[in-house]
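Engineer:
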Amino acid sequence: MRSPPPPPPLRLAVLEADTPLPGVDARYNGYHGVFKDLFVRAVDPAPIDSVLTLSKHDVVKDLTSYPDLESIDAILITGSKHSAFENDEWITTLVDFTRKAIAHPRVRIVGVCFGHQIVSRALGVPVQRAEAGWEVSVTETQLTPAGQDLFGGRKTLKIQQMHRDQALGVPPGATLLASSAICPNHGFLTPGNLITVQGHPEFTSDIMREILESRRAIGLFTDDVYESGMERRSEAHDGVFMARAFLKFLQEPTQLAEPQ
Numbered sequence: 573m574r575s576p577p578p579p580p581p582l583r584l585a586v587l588e589a590d591t592p593l594p595g596v597d598a599r600y601n602g603y604h605g606v607f608k609d610l611f612v613r614a615v616d617p618a619p620i621d622s623v624l625t626l627s628k629h630d631v632v633k634d635l636t637s638y639p640d641l642e643s644i645d646a647i648l649i650t651g652s653k654h655s656a657f658e659n660d661e662w663i664t665t666l667v668d669f670t671r672k673a674i675a676h677p678r679v680r681i682v683g684v685c686f687g688h689q690i691v692s693r694a695l696g697v698p699v700q701r702a703e704a705g706w707e708v709s710v711t712e713t714q715l716t717p718a719g720q721d722l723f724g725g726r727k728t729l730k731i732q733q734m735h736r737d738q739a740l741g742v743p744p745g746a747t748l749l750a751s752s753a754i755c756p757n758h759g760f761l762t763p764g765n766l767i768t769v770q771g772h773p774e775f776t777s778d779i780m781r782e783i784l785e786s787r788r789a790i791g792l793f794t795d796d797v798y799e800s801g802m803e804r805r806s807e808a809h810d811g812v813f814m815a816r817a818f819l820k821f822l823q824e825p826t827q828l829a830e831p832q
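Just so we're aligned, residue 573 is where the sequence shown starts under our numbering, counting upward by one.
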């Protein structure tokens with residue numbers, strides 16, 4: 573008896589909400605490339621094209637670059653130096669598109685950092701500056717029971733962080749996945765629909781170093797924030813492990829409603 577053919581690769585549209593700093597951009601050619609590198613490591617030794625095809629969409633510079641929802645399986649909204657609560661045209665356009673994607677019966681959504689906050693805003697959750705300030709570099713997060721179920725029973729995850737904005741709550745129908753001392757909402761899940769994380773599973777030590785150095789140079793980071801981040805940027809973290817959880821979420825069969 574022949575085995576069934578493998579499923580076709582998932583079609584993931586990467587919505588780039590920023591351009592990386594020059595060193596990172598030269599190496600990866602945008603955040604699309606940064607995430608492709610993450611998923612290559614997550615599926616190794618399988619070839620990435622057998623699991624996932626990624627398309628690149630610069631939603632900051634080109635408001636017409638959005639994918640046709642009927643031609644993809646999922647979207648991933650990247651991080652950004654911008655704030656999700658701002659009302660620049662490209663941000664409000666992204667929020668509107670995200671609402672359409674969330675409402676689609678088949679397309680799934682992954683939100684990372686700024687993307688997590690955009691999904692929150694699209695679902696009516698306020699986003700604002702955190703009084704506690706910046707959360708940077710490798711940081712331990714505490715998983716909720718739902719997060720523990722999703723991440724194989726683990727109670728904590730260490731993930732690279734780079735944010736001072738926060739989503740102030742969890743949308744109706746979603747379940748909180750993790751928290752930290754600085755940020756109560758580190759991501760949430762609606763099974764079969766969306767998953768978000770406040771951290772950056774895609775960031776490497778080198779990416780974090782360039783961001784830390786750049787932001788200290790322009791006075792955005794104090795010496796204390798910079799030095800603390802530099803000390804922790806090379807610690808072991810769970811970015812690849814989190815990427816595998818994303819893939820599992822994306823590969824789960826769609827549960828179609830029974831006819832009434």
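Using N, Cα and C, we set each Cβ at its ideal position, and we do this for glycine too.
No experiment lies behind these values; they were computed from the predicted model shown.
Should R787 go down as buried or exposed, given a rule of 16 or more other Cβ atoms within 10 Å for buried?
Structural biologist: Its Cβ being crowded by 16 or more others within 10 Å, R787 is buried.
Engineer: Any idea which residues DSSP pairs R701 with across the strands?
Structural biologist: Beta-bridge pairing links R701 to D737.
Engineer: As a quick exercise: from I767, G696, Q733, A750, pick the residue whose alpha carbon is nearest that of K727.
Structural biologist: Closest option to K727, Cα to Cα, is A750.
Engineer: I'd like the span of the beta strand (DSSP E) that includes Q714, first residue to last.
Structural biologist: From DSSP, the beta strand (DSSP E) with Q714 extends over 707-715.
Engineer: For G741, is the beta carbon positioned less than 6 Å from some heavy atom of the ligand FAD?
Structural biologist: Ligands are entirely absent from the displayed structure, and the ligand FAD is therefore not among its contents.
Engineer: Suppose contacts are defined by Cβ-Cβ distances below 7 Å. Is G687 in contact with T650 by that definition?
Structural biologist: Contact flag set, yes.
Engineer: So what's S655 in DSSP terms, helix, strand or just coil?
Structural biologist: Three-state DSSP puts S655 in coil, outside helix and strand.
Engineer: Does the structure place the segment 792-812 close enough to the segment 701-712 that three or more beta carbon pairs sit under 8 Å?
Structural biologist: Touching, per the Cβ criterion.
Engineer: Can you tell me whether DSSP reads D590 as helix, strand or coil?
Structural biologist: Correct three-state label for D590: coil.
Engineer: If you draw a straight line from the C-alpha of A829 to the C-alpha of H676, how long is it?
Structural biologist: Only weak support exists for where A829 lies, its pLDDT of 41 falling under 50; the coordinates are left without a value.
Engineer: Looking only at C-alpha atoms, which of P580, H772, A585 sits nearest to K653?
Structural biologist: Comparing Cα positions, the closest option is H772.
Engineer: In angstroms, rounded to a whole number, what distance separates the CA positions of S627 and I644?
Structural biologist: Distance between the alpha carbons of S627 and I644: 9 Å.
Engineer: By the DSSP assignment, the beta strand (DSSP E) with G683 in it spans what residues?
Structural biologist: That run of the beta strand (DSSP E) goes 680-684.
Engineer: How would you call P592, buried or exposed, if buried means at least 16 neighbouring beta carbons within 10 angstroms?
Structural biologist: Result: buried.
Engineer: With DSSP as the reference, please indicate the residues paired to I620 in a beta bridge.
Structural biologist: Looking at the DSSP assignment, I620 forms no beta bridge with any residue, so it has no partner.
Engineer: If we call anything under 7 Å between Cβ atoms a contact, is V699 one with Q689?
Structural biologist: Yes, they are a contact pair.
Engineer: So, with DSSP's three-state summary, where would you put Q770?
Structural biologist: In the structure shown, Q770 sits in coil (DSSP, three-state: anything other than H, G, I, E or B).
Engineer: Considering only C-alpha positions, which residue in the set S622, D640, P580 is nearest to L587?
Structural biologist: It is D640 whose Cα lies nearest to the Cα of L587.
Engineer: Go through its chain and collect everything with a Cβ distance to A702's Cβ below 6 Å, but skip five positions before and after it.
Structural biologist: Around A702: R736, Q738.
Engineer: For P580, which residues from the same chain have a beta carbon less than 7 Å from its beta carbon, with the 5 sequence-adjacent residues on both sides left out?
Structural biologist: The answer is none, since no qualifying residue turns up.
Engineer: Can you tell me where the beta strand (DSSP E) holding L761 begins and where it ends?
Structural biologist: Element bounds for L761: 760-762.
Engineer: Specify the secondary structure class of I690 as computed by DSSP and reduced to three states.
Structural biologist: Residue state, collapsed to three classes: helix.
Engineer: First and last residue of the alpha helix (DSSP H) that includes L784?
Structural biologist: Note, L784: alpha helix (DSSP H), 777-789.
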